[in-house]
Structure formats: structure tokens, C-alpha cells
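Peer 1: Take 6 as the starting number for the sequence shown in my numbering and just add one per residue.
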Amino acid sequence: MSLGIGVIGAGIMGADHARIIAGQIAGAHLVAIADADLARARSVAAETGAKLATDDPLAVIGDPAVAAVLIASPDATHADYTLACLKAGKPVLCEKPLAPKTEDCLTVVEAEMKGGKRLVQVGFMRRFDPAYGEMRAALQSNDFGPALMFHCAHRNASAPSFFTSAMSINNSCVHEIDIARWLLAAELKTVRVIKPRASSAAGFDDPLLVVFETDQGQVVDVELYLNCGYGYDIKGELVCETGTISLAPPVNSETRAAGVSSFRFAPDWRPRFAAAYRLQNQAWVNSITSGKPAGASAWDGYVASAVAAAGVRALESGAAEAIHLEPKPAFYV
Ligand code: ISE
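Below, the structure is given as C-alpha cells:
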């Protein structure tokens, strides 16, 4: 049996997801794609073989041939479309963030619990990245002892013109927030944001250093530098009691000539995390067939948004901010 998938959003991420579903996923096929720009939806449908191209996302959700929906529209629309999928009883993979506003995430959580069935997966694709997977397995092996610190760097070659200091936290750092919780099996309790001198290439506070403390006493520090100029570069190092576990440079080859060794950085996150996106989308399809949830839940989506919101408060206050979370419902344990 092959599941019919509908994609909402035909921008950079939606078009990529449509291609992944159409070409790389077993047990699923692309049926429909929606975008506010109908020409863009039509062009992706022509490329991927989707039967329906529309500018009405609700037509995708309501299409009887669509068994599950992937949402990759602008962030502010995520919660509404996810709620429409829940109303229709259809599984949904929603790109991060589940919603920019914490209260909207909680509305989704409540609607999912009311329906009594886990239907929402949030697109924190790093959980499916083989390198982070190896780090987690190494940590869980206990060969290195308990984790004490997690050093991260998140560098983009350049940020879009509409980027802001707050987005640096709720659009970019939100990935480290989720992956730190997942790797350490811990919750983040406090956050502080340090602003170094700003790069002349940036129109906002860039770089930033975000420092979290976990409920197990670990420190997580994240350098965000979204106009680093040289490429897309994600670093992570777990410092444990008797050793360290780091992400190795994600390359297949390097060159050596004239006394110099070099390798290429990806221009952005899509090539860097290509395997993660494919594995995430396959795990989502498999989870629908098996009925066993995979990846980040709506609850994880809520926590990531709540932590990011505290980060934005810390950016504004300059002080350490406590992170308050609702108690975790048994539904998500
Ligand atoms: C972007 O929205 C993403 O989700 C990328 O994974 C991240 O690296 C980038 O900084 C964000 O702007």
C-alpha cells in the first residue's frame, strides 16, 4: 500500500520535501501541493508528478486521496494547518517551528490530546542526522561517562534580509534547543544571551552566544553566527567525564595540493542535512503505517518554542531568564 501525501508550501523547503516524497520515500507518493503562489505550486507539481496543484491548503487537507500532510508553509501558518489536519484526522509532519507563539503550540497539543491519537510530528530533522545519531549512541554507551557540557556552533553563510536577532534564536537556535534536549535527555532550565561586537555584514545582533543550563546541571553553549560568510557550518562537541564526542566535518572528500588541505562547506542546510530530511520523511511514513510515533512530538514542538521564547526574553533583558514549562502530559510520555 502506498500513502498519498499532500504538501502545503512550495517554497524552498516545500519544494524540497515534495521532491523527497516523490522520489526517495518507500510506501508513499505525492498527490497534491498547495502554495499561495499558484504558479509555484503548478511548477513543483509538474516536476514531481503531483495530480493537484492549488492555492488552497484546505483543499489539500480535504482531498480524499491525501492520507497525510506535510506542512512547509510560512511559520505563522503552521499551527492553523496542523489544527485543520487534526480536525480531518490526518497525520501531519509540520516543519519547525510548530508555531512561533508558545500558546499556539499548546493549542495544537490540546487538540491532539482531545483526539486521543498521536498524529503530529514536528520537523526537527537533526534527530535523524546520522552524525547526531552516532553522538547519541556514543553518549548512551557510557564509554565516555556522563555529559558535562555541550558546545555548539550554528553558522550560516548569510542570513536573509528579513532576519532579526530574535529569529536568530527562534528560527536557528531552535534546532540546538531540540537536539540538546534529545541528546542529553534533559530539559533546559535557564538561558542567557551574550552579544559580542556585531559583524559589519549583519543588520542585527550577529553573532550571539546563547548559554543554557539543564535540569541535570550541564551547560549548553551555542554560538549563532548567521553571516559567517564562508558556508554552512554546524559544530557540536559533548564534553563528558572521561572523553569528548564531536560531530566530524560532514564531507566525502578533501583535496591536498600546494601544501594545503581543504574541503567544501555546503552553501546551506539542505545539502548538509539531506540524509536527515530523507530519513525523517521515511520515518514519518513508516510511523503512519506502523502506528508508532517517530521524531519530535507536538509536545517537543511546544517545549522548543517555549525555550526559544525565553531566549528572546534573555536577549532583550541581558539577564539569565528562567524557562518555565507546563507539566508534561502522560499522553506524550
Ligand atoms: C533555517 O530556517 C533552518 O531551519 C536551518 O536548518 C537553520 O540552519 C537556519 O539557520 C535557519 O534559518
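We put the CB at the ideal spot given by N, CA and C, even for glycine.
Give the straight-line distance between the Cα atoms of isoleucine 174 and leucine 111, rounded to the nearest whole angstrom.
Peer 2: For the purposes of this step, residue 174 is taken as residue 169 along the sequence shown, with counting starting at 1. For the purposes of this step, residue 111 is taken as residue 106 along the sequence shown, with counting starting at 1. The straight-line gap from Cα to Cα measures roughly 20 Å.
Peer 1: Is it the case that the Cβ atoms of alanine 136 and cysteine 233 are separated by a distance below 8 Å?
Peer 2: For this step, residue 136 is matched to residue 131 along the sequence shown. For this step, residue 233 is matched to residue 228 along the sequence shown. The Cβ-Cβ distance between alanine 136 and cysteine 233 does not fall below 8 Å.
Peer 1: Could you have a look at leucine 284 and say whether DSSP puts it in helix, strand or coil?
Peer 2: Against the sequence shown, residue 284 aligns to sequence position 279. Leucine 284 falls in the helix class under three-state DSSP.
Peer 1: Could you please give me the residues that DSSP links to alanine 154 through a beta bridge?
Peer 2: On the sequence shown, position 149 is the one that residue 154 refers to. According to the sequence shown, residue 154 is methionine rather than alanine. Answer is Val224 and Val244.
Peer 1: Is the beta carbon of serine 267 within less than 7 Å of some heavy atom of ligand 1?
Peer 2: In the sequence shown, counting from the first residue as 1, residue 267 sits at position 262. Checking every heavy atom of ligand 1 against the Cβ of serine 267, none is found closer than 7 Å.
Peer 1: Within 7 Å: the Cβ of leucine 231 and any heavy atom of ligand 1?
Peer 2: Numbered from its first residue, the sequence shown carries residue 231 at position 226. For ligand 1, at least one heavy atom lies less than 7 Å from the Cβ of leucine 231.
Peer 1: Please confirm if asparagine 291 has its CB atom under 8 Å from at least one CB of chain C.
Peer 2: Of the protein chains in this structure there is only one, and it is not chain C.
Peer 1: Name the one or two DSSP bridge partners that alanine 33 has.
Peer 2: On the sequence shown, residue 33 is found 28 positions in, with the first residue counted as 1. DSSP output for alanine 33 lists Leu8 as bridge partner(s).
Peer 1: Give the secondary structure of valine 114 by DSSP, where H, G and I count as helix, E and B as strand, and everything else as coil.
Peer 2: Reading the sequence shown from its first residue, position 109 is the one you call residue 114. In the structure shown, valine 114 sits in a helix (DSSP, three-state: H, G or I).
Peer 1: Report back the beta-carbon spacing between alanine 303 and valine 179 to the nearest angstrom; my notes put them in contact at under 8 Å.
Peer 2: Here the question's residue 303 lines up with position 298 in the sequence shown. Here the question's residue 179 lines up with position 174 in the sequence shown. Their Cβ separation, rounded to whole angstroms, is 15 Å, which puts alanine 303 and valine 179 out of contact at 8 Å.
Peer 1: Work out the CA separation of glycine 150 and glutamate 246 for me, nearest whole Å.
Peer 2: One-based indexing of the sequence shown puts residue 246 at position 241. One-based indexing of the sequence shown puts residue 150 at position 145. Their backbone Cα atoms lie some 5 Å apart in a straight line.
Peer 1: Quick check on the burial criterion: 16 or more other C-beta atoms within 10 angstroms. Buried or exposed for aspartate 148?
Peer 2: If you number the sequence shown from 1, residue 148 lands on position 143. Exposed, by the Cβ-count rule.
Peer 1: Hey, how far is the Cα of aspartate 109 from the Cα of alanine 84?
Peer 2: Sequence index remark: in the sequence shown, residue 109 carries index 104 (1-based). Sequence index remark: in the sequence shown, residue 84 carries index 79 (1-based). The alpha-carbon atoms of aspartate 109 and alanine 84 are separated by roughly 6 Å.
Peer 1: Drop a sphere of 10 angstroms on the beta-carbon of threonine 53, count the other beta-carbons inside from all chains shown, and report buried for 16 or more, exposed for fewer.
Peer 2: In the sequence shown, residue 53 corresponds to position 48, counting from 1. Threonine 53 should be labelled buried.
Peer 1: Using the C-alpha atoms, what's the distance from isoleucine 182 back to methionine 130?
Peer 2: Numbered from 1 along the sequence shown, position 125 holds the residue referred to as residue 130. Numbered from 1 along the sequence shown, position 177 holds the residue referred to as residue 182. In a straight line, the C-alpha of methionine 130 is about 13 Å away from that of isoleucine 182.
Peer 1: Is it buried or exposed, aspartate 68, if we count other Cβ atoms within 10 angstroms and call 16 or more buried?
Peer 2: To locate residue 68, count along the sequence shown from 1; it is residue 63. The residue is buried, with at least 16 neighbouring Cβ atoms inside 10 Å.
Peer 1: Taking arginine 45 as part of the beta strand (DSSP E), name the residues at either end of that continuous run.
Peer 2: In the sequence shown, residue 45 corresponds to position 40, counting from 1. Here arginine 45 belongs to no beta strand (DSSP E); instead the alpha helix (DSSP H) covers 43-53.
Peer 1: Use the C-beta contact count for proline 3: other C-beta atoms within 10 angstroms, 16 or more gives buried, fewer gives exposed.
Peer 2: Within the shown structure, residues of the chain are numbered from 6 to 338, placing residue 3 beyond reach of any answer.
Peer 1: Just to confirm, is the Cβ distance from glutamine 255 to tyrosine 230 under 8 Å?
Peer 2: The count along the sequence shown starts at 1 and reaches residue 255 at position 250. The count along the sequence shown starts at 1 and reaches residue 230 at position 225. The residue you asked about is not glutamine; residue 255 is proline in the sequence shown. For proline 255 and tyrosine 230, no; Cβs fall outside 8 Å.
Peer 1: By the three-class DSSP mapping on this structure, what secondary structure does alanine 191 have?
Peer 2: Within the sequence shown, the letter at position 186 stands for residue 191. For alanine 191, the secondary structure class from DSSP, reduced to helix, strand or coil, is coil.
Peer 1: Starting from the C-beta of serine 78, find all residues in its chain whose C-beta is less than 6 Å away, skip the five residues before and the five after it, and write them out in chain order.
Peer 2: One-based indexing of the sequence shown puts residue 78 at position 73. Excluding positions up to five away in sequence, the list reads Ile13 and Gly14.
Peer 1: When DSSP labels each residue in this structure, what does phenylalanine 217 get in the three-state scheme?
Peer 2: Counting from 1 along the sequence shown, the entry for residue 217 is found at position 212. In this structure, phenylalanine 217 counts as strand in the three-state DSSP scheme.
Peer 1: In its own chain, which residues sit with a C-beta less than 7 Å from the C-beta of glutamine 285, not counting the 5 before and 5 after it?
Peer 2: As a working mapping, residue 285 is identified with position 280 in the sequence shown. So the list reads Gly128, Met130, Phe133 and Gly300, once near-sequence residues are dropped.
Peer 1: Quick one: using the 10 Å Cβ neighbour count with 16 as the cut-off for buried, is glutamate 228 buried or exposed?
Peer 2: As a first step, residue 228 is located in the sequence shown; it is residue number 223 there, counting from the start. Glutamate 228 comes out buried.
Peer 1: Alanine 46: which of Gly19, Ala31 and Val71 sits nearest, CA to CA?
Peer 2: Here residue 46 corresponds to residue number 41 of the sequence shown, with the count starting at 1. Closest by alpha carbon: Gly19.
Peer 1: Would you check if the stretch 89-106 and the stretch 303-316 touch, i.e. whether three or more CB-CB distances between them fall below 8 Å?
Peer 2: yes
Peer 1: For aspartate 21, tell me which candidate among Ala281, Lys333, Ser292 and Ala319 has the shortest Cα-Cα distance.
Peer 2: The sequence position of residue 21 within the sequence shown is 16, counting from 1. For the residues Ala281, Lys333, Ser292 and Ala319, the minimum Cα distance to aspartate 21 belongs to Ala281.
Peer 1: DSSP three-state label for glycine 121, please.
Peer 2: On the sequence shown, residue 121 is found 116 positions in, with the first residue counted as 1. In the three-state DSSP reduction, glycine 121 falls in the coil class, being neither helix nor strand.
Peer 1: What separation, rounded to the nearest whole angstrom, lies between the Cα atoms of arginine 141 and serine 205?
Peer 2: As a working note, residue 141 is residue 136 in the sequence shown. As a working note, residue 205 is residue 200 in the sequence shown. Their backbone Cα atoms lie some 37 Å apart in a straight line.
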